[in-house]
Ligand code: G1P
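Numbering (the numbering used here), first residue to last: -16 to 337.
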């Protein structure tokens, strides 16, 4: 079985971070979401993996390389425009050949991996297996209708959803899916929808089965979902201190301090992770905070945040909470008049003032 990971797309709901970076590379507990996806595939024995890339292909290639660090062999497949998930399957035909494959959206994070789904599919009898999860906001997803346990209808982000069963971003197909993706036409939003391809399979008598996911899943396409995913992954964090913590500092609960990190005169209350070569000085770092590598954070209280790499932050003793801060961001106190907020904000930035 092969893997097909989707790591293109524009990531409009995560602007401004996605103006400069791939959404699949935003770190959750200091590790890109995409890496969790690759690990889940390898855990299920899938090591021949195609990654669909778009505008951000250089970053994805730089981060994943040839896949050897994951125990995989990665082939990159360029998608020139985000024309839909079924379009991605179309252009991956040469890579996939006639092998069955798991398609995994590179911004989806799940708790229990995909081993059981792969085994079920391999046991035979199905042309496709999809995974469903009950959600409170079904208008935002592909939605499935079941009759006596069988999938009968699928629709993409319906205005009036008949069920709350979302199709999550993990699909297994055999080669009959190529007939489907070649037969469907673009939806109203101009994309070849995988839900339409699945509907084609059902309508033409192919067997599409569903499994229900009861444990954690999130599509990290939005800011709040990112923080929630970070909180959830940090819940499983184990203590590991590889950096330096001075005698004036205290680590409470589960805290990871990566190699080369330095904690000076600070309190860190876990679960929290401090990235490699990051300096924390005169700070309170609270639960559910991930600070990435090569940052300097001084005189700040930080809680329930993701801070990406190479930031320099001095909040002048104030608290930063529930924030997602991109790379190379500088936050400094104003020590001269006029005392006012001084901002350089990219398009689509969001700030909350006191
Ligand atoms: C895509 C699919 C949708 C699915 C969702 C899961 O939506 O089109 O059917 O429910 O992923 O994450 P998108 O995130 O591209 O809007």
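Even glycine gets a Cβ: it sits at the ideal position worked out from N, Cα and C.
Please read all numbers here as calculations on a predicted model, not as lab measurements.
Compute the minimum distance between the beta carbon of residue i and the heavy atoms of the ligand G1P, and state whether it is under 7 Å.
i           : result
residue 178 : yes
residue 125 : yes
residue 204 : yes
residue 160 : no
residue 211 : no
residue 192 : no
residue 88  : yes
residue 149 : yes
residue 91  : yes
residue 129 : no
residue 117 : no
residue 68  : yes
residue 221 : no
residue 286 : no
residue 342 : This structure cannot settle anything about residue 342, because the visible part of the chain is limited to -16 through 337.
Quick one: what's got a C-beta closer than 6 Å to residue i's C-beta in the same chain, skipping five residues either side?
i           : result
residue 302 : 284
residue -2  : 331
residue 212 : 11, 92, 201 and 203
residue 27  : 97, 98 and 101
residue 179 : 167
residue 217 : 12, 254 and 271
residue 208 : 201
residue 251 : 234, 238 and 268
residue 319 : none
residue 19  : 92
Excluding five sequence neighbours on each side, which residues of the same chain lie with their C-beta closer than 8 Å to the C-beta of residue i?
i           : result
residue 15  : 7, 8, 9 and 46
residue 43  : -10, 5, 7, 8, 17, 34, 36 and 59
residue 62  : -9, 35, 36, 37, 70, 71 and 74
residue 278 : 258, 261, 262, 290, 292, 293, 294, 295 and 296
residue 3   : 309 and 310
Rounded to whole angstroms, how far is the Cβ of residue i from the Cβ of residue j, which I believe are closer than 8 Å?
i           : j           : result
residue 160 : residue 111 : 7 Å
residue 202 : residue 90  : 6 Å
residue 32  : residue 72  : 15 Å between Cβ atoms; not a contact.
residue 84  : residue 156 : 6 Å
residue 261 : residue 244 : 5 Å
residue 256 : residue 239 : 4 Å
residue 177 : residue 68  : 4 Å
In its own chain, which residues sit with a C-beta less than 7 Å from the C-beta of residue i, not counting the 5 before and 5 after it?
i           : result
residue 22  : 53
residue 206 : -3 and 307
residue 118 : 124, 147 and 149
residue 210 : 287, 289, 305 and 307
residue 95  : 198
residue 181 : 111, 113, 137 and 191
residue 158 : 81
residue 152 : 87, 88, 91 and 202
residue 142 : 122
residue 300 : 282
residue 108 : 190
Can you tell me which residues form a DSSP beta bridge with residue i?
i           : result
residue 162 : Partner(s): none; residue 162 has no beta bridge.
residue -11 : 35 and 88
residue 116 : 149
residue 215 : Beta-bridge pairing links residue 215 to no other residue.
residue 154 : 86 and 113
residue 273 : 256 and 289
residue 250 : 233 and 267
residue 297 : 281
residue 10  : 15
residue 201 : 92
residue 307 : 289
residue 125 : 139
residue 223 : 239
residue 40  : Paired residues: none, contrary to the question.
Return yes when at least one heavy atom of the ligand ADP lies under 7 Å from the C-beta of residue i, else no.
i           : result
residue 152 : The model on display carries the ligand G1P but not the ligand ADP.
Contact the stretch 185 to 194 vs the stretch 70 to 85: 3+ CB pairs below 8 Å: no
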